[in-house]
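Chemist: Before I ask anything, here is the structure I am working with.
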Amino acid sequence: MKKGRIVVLDEVNGKPAAALLVNGQIHDLLIEADNNLPKPEAIYRGRTTLPMKGQNGIILDIGSGQKAFLRNAKGIPQGTQMTVQVATHAETGKATPVVNKLIFKSRYCIVTPDAPGLNIARSIKDDEERDRLLEIVHEVSTNRSNEYGLIIRSSAMDIDADAISGDINAMYDLADNVMSQTSGDPALIMPAPTAEMKAWRDWVNPDPDEVIKEINSFETMGIWDHIEKLKHSKSKLPNGASMIIEPTSAFVAVDVNTGNDFSLSAGLKANLAVAKELPNQLSLRGLGGQIIIDFAPSPKKDRKLIETALNSSFRKGKIDTVVVGWTTLGNFELQRKRERIPLSELLQD
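Just so we're aligned: 282 in my numbering is position 287 of the sequence shown, and the numbers increase by one with no gaps anywhere.
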């Protein structure tokens, strides 16, 4: 088993894919869908068609027979031309959710044409480093006439100035290109990033120790063994505990079991293990929407500890998740962005 952070690039059933291994354990998995449906981050030129007053939104034609849904669209008349970005994957039979505030995300920066201003990631706390990054940004900005917003990501910390300025310029150029195409018939303007692009962009802090891009590299690096485990609803936890993750048409159910541990602290130990592992399992399985967790029995006084652990784990993830809280029946509810297509669908031939 190879140690360190290793990015493995290959294909799954003919679909480009990327996997992140950390000390031999799978930490993330990206598989591109081979359909023509709108994908998150793709940008379209659209035209409003049908107001949805009861939902405070409006339907848009985004070309090729595709429909999108924009929330908070009060006052926008039919026939308005708009540039929109796909927010999440569409649920079956529903229009694709989009936003009209565009972002252009890269490895070290995020450009926001509709939100002027400069922000540096709060996790970069060293004053000298923040000053260095500000100098890089100001040097790039002096050669630019646009007034786009810019966010410097935490991954830019201690990175060579030329790499950062090159990344910023590339995103400014991309934004300029997209913003120059806002007029015309509904159509795709910018495709969604590929699995390889996302791996390069997001699997940083720290950078990978190795990138493997070879035929059958998923086989040689044991990725298929990990995928095989993800096909099953049961995910093993320490001390013989486990959780069962079952997607339904309405929500994702998570059932926690203590196994053969009958000690007084068995429930709490299993529940804390779930709080730590669940974000990773949901990401790997491509699951989102409403999540209902049936925790193992434990005293009510432990609830705050479990909730704190859940909050901490989901904050570390890259997918937006709202920790709703405990229900009247004693279950726990989450609401997670549908950023990925379920793995079970992607594995179909």
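The C-beta atom is built at its ideal place from N, Cα and C for all residues, glycine as well.
What you are looking at is a predicted structure, and each value in this text was computed from that prediction instead of being measured.
Excluding the five sequence neighbours on either side, which residues of its own chain have a C-beta within less than 8 Å of the C-beta of A410, listed in chain order?
Modeler: One cannot answer for residue 410 here, as it falls past the ends of the chain, which runs -4 to 344.
Chemist: Between the segment 149 to 164 and the segment 14 to 28, can you find at least three pairs of beta-carbon atoms closer than 8 Å?
Modeler: The segment 14 to 28 is not in contact with the segment 149 to 164.
Chemist: Using 8 Å for Cβ pairs, my map puts A304 next to T253. What's the rounded Cβ distance?
Modeler: So it is not a contact: roughly 17 Å between Cβ atoms.
Chemist: Classify Y167 as helix, strand or coil using the three-state DSSP reduction.
Modeler: In the structure shown, Y167 sits in a helix (DSSP, three-state: H, G or I).
Chemist: Can the beta-carbon of I26 be found less than 8 Å from the beta-carbon of A190?
Modeler: Yes. Within cutoff.
Chemist: At what residue ranges does the segment -1 to 78 contain a whole run of the beta strand (DSSP E), taking only runs of 3 or more?
Modeler: Here the runs fully enclosed are 0 to 7, 10 to 17, 20 to 26, 38 to 47, 52 to 56 and 62 to 66.
Chemist: Could you tell me which of M77, L232, S149 and V2 sits nearest to R40, measuring between CA atoms?
Modeler: R40 has its Cα closest to that of M77, out of M77, L232, S149 and V2.
Chemist: By the three-class DSSP mapping on this structure, what secondary structure does V269 have?
Modeler: Note: V269 maps to helix in three-state DSSP.
Chemist: Output the boundary residues of the alpha helix (DSSP H) element that contains T189.
Modeler: Here T189 belongs to no alpha helix (DSSP H), and DSSP marks it neither H nor E.
Chemist: Rounding to the nearest angstrom, what Cα-Cα distance links D122 and V81 in this structure?
Modeler: Roughly 36 Å between the two C-alpha positions.
Chemist: What is the DSSP secondary structure of W219, reduced to helix, strand or coil?
Modeler: Looking at W219 - three-state DSSP - the assignment turns out to be helix.
Chemist: Smallest Cα separation from I314: which of E209, E241 and D197?
Modeler: For the residues E209, E241 and D197, the minimum Cα distance to I314 belongs to D197.
Chemist: Counting pairs of beta carbons, one from the segment 0 to 8 and one from the segment 203 to 210, are three or more of them closer than 8 Å?
Modeler: Touching, yes, given that three or more Cβ pairs across the two stretches are closer than 8 Å.
Chemist: Could you check where the alpha helix (DSSP H) with E302 kicks off and where it finishes?
Modeler: Looking at the DSSP string, the run of the alpha helix (DSSP H) that includes E302 is R298 to K311.
Chemist: In three-state DSSP terms, what is E214?
Modeler: In this structure, E214 counts as helix in the three-state DSSP scheme.
Chemist: With a floor of 4 residues, list each alpha helix (DSSP H) that falls wholly inside the segment 93 to 155, ordered by position along the chain.
Modeler: If we require 4 residues or more, the alpha helix (DSSP H) runs fully inside the segment 93 to 155 come out as 122 to 136.
Chemist: With N51 and K62 assumed to form a contact (beta carbons below 8 Å), what rounded beta-carbon distance in angstroms separates them?
Modeler: Incorrect: roughly 17 Å between the Cβ atoms, too far for contact.
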